[in-house]
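Start counting the sequence shown at 214; every next residue gets the next number (the numbering used here).
Even for Gly, the Cβ is constructed at its ideal location relative to N, Cα and C.
It should be emphasised that the depicted structure is a prediction, and the values quoted were computed from it without experimental measurement.
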Amino acid sequence: MKVICIGDSLTYGFGVMKRHTWMEILKEKLKIDFVNRGINGDTTAGMLARSYEDIILNYPDKVIIMGGTNDFISGYNLKNVQENINLLAKEAKEHGIEPIIGIQIPTEPNMARAKWTKEVDYENVNSKIMNYREKIIEDCKLNGYKYIDFYKAFVEKIIENKDYRYYTDGIHPNYEGHKIMAVSAEKLFTINY
């Protein structure tokens, strides 16, 4: 089985060694060919622009689509992100590729302000991510798409316990955070495939 993973730095694995990303952890454990097409700083519009080359022309069985955090950091609205993700999923499905939506993790505002920029309202970014999560889960149910709720895993294990040691910088997970993401994704692949 071949799975393309398209997204931004959360897919790429910013801040960790390649072998410590959630995809590489799963590749090793499940012996599935995960192909990383994450680009640091990418937006859902950028993902849409490169989808034919990065998804369709690679002939995968499935694609995990995850993005939106950079859109929200840049001030883009929820509707545009939701539409772009749905267009990516629709295009994949039209080419016989099963779309799986990855729901991104929240930020940790205090750490993000200290390590990135103070100019961004990370609480607002988190509010948009939370609202996006609700909307995209509805869309997945409506369209019959599977999804991986990385957001829920982080909220349950980290945010509710105020244990932020799983972030490198308040936006990106470290190796331990990627392990949490791998466990979330593994459930989908071991139960359904």
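Beta-carbon gap between residue i and residue j smaller than 8 angstroms
i: Phe-247; j: Met-236; result: yes
i: Gly-228; j: Gly-280; result: no
i: Ile-298; j: Leu-223; result: no
i: Ala-325; j: Tyr-335; result: yes
i: Leu-291; j: Asn-337; result: no
i: Ile-316; j: Lys-275; result: no
i: Ala-366; j: Ile-342; result: no
i: Cys-353; j: Tyr-364; result: no
Rounded straight-line distance, which links the Cα of residue j to that of residue i
i: Arg-250; j: Lys-240; result: 14 angstroms
i: Thr-381; j: Lys-242; result: 24 angstroms
i: Tyr-225; j: Ile-384; result: 13 angstroms
i: Leu-300; j: Asn-356; result: 12 angstroms
i: Tyr-406; j: Glu-332; result: Only weak support exists for where Tyr-406 lies, its pLDDT of 48 falling under 50; the coordinates are left without a value.
i: Lys-303; j: Asn-387; result: 32 angstroms
i: Ala-305; j: Ile-245; result: 19 angstroms
i: Ser-287; j: Gly-254; result: 10 angstroms
i: Glu-296; j: Lys-400; result: 27 angstroms
i: Thr-257; j: Glu-347; result: 17 angstroms
i: Val-396; j: Pro-273; result: 22 angstroms
i: Gly-309; j: Glu-266; result: 15 angstroms
i: Thr-418; j: Asp-362; result: Lying before the first or after the last residue shown, residue 418 is absent from the chain, which here runs from 214 to 406.
i: Glu-307; j: Tyr-289; result: 27 angstroms
i: Leu-270; j: Tyr-358; result: 21 angstroms
i: Ser-264; j: Asn-293; result: 16 angstroms
i: Ile-238; j: Ala-398; result: 10 angstroms
i: Phe-285; j: Thr-403; result: 32 angstroms
i: Ile-349; j: Trp-329; result: 27 angstroms
i: Arg-232; j: Ile-278; result: 20 angstroms
Cross-strand partners of residue i (DSSP beta bridge)
i: Asp-246; result: Lys-215
i: Val-276; result: Ile-217, Pro-312
i: Lys-359; result: Ile-313
i: Tyr-380; result: Pro-386
i: Gly-251; result: Gly-220
Outcome for residue i when other beta-carbon atoms lying within 10 angstroms are tallied against a minimum of 16
i: Lys-375; result: exposed
i: Leu-321; result: Note on identity: in this sequence residue 321 is Glu, with Leu being the wrong assignment. Looking at its Cβ environment, which holds 16 or more other Cβ atoms inside 10 Å, Glu-321 is buried.
i: Ala-262; result: exposed
i: Asn-339; result: buried
i: Asn-323; result: exposed
i: Met-214; result: exposed
i: His-391; result: buried
i: Thr-234; result: buried
Distance between beta carbons of residue j and residue i, contact taken as under 8 angstroms
i: Ile-217; j: Ile-252; result: With 8 angstroms as the limit, Ile-217 and Ile-252 do not qualify as a contact, their Cβ atoms being about 13 angstroms apart.
i: Glu-389; j: Arg-378; result: 7 angstroms
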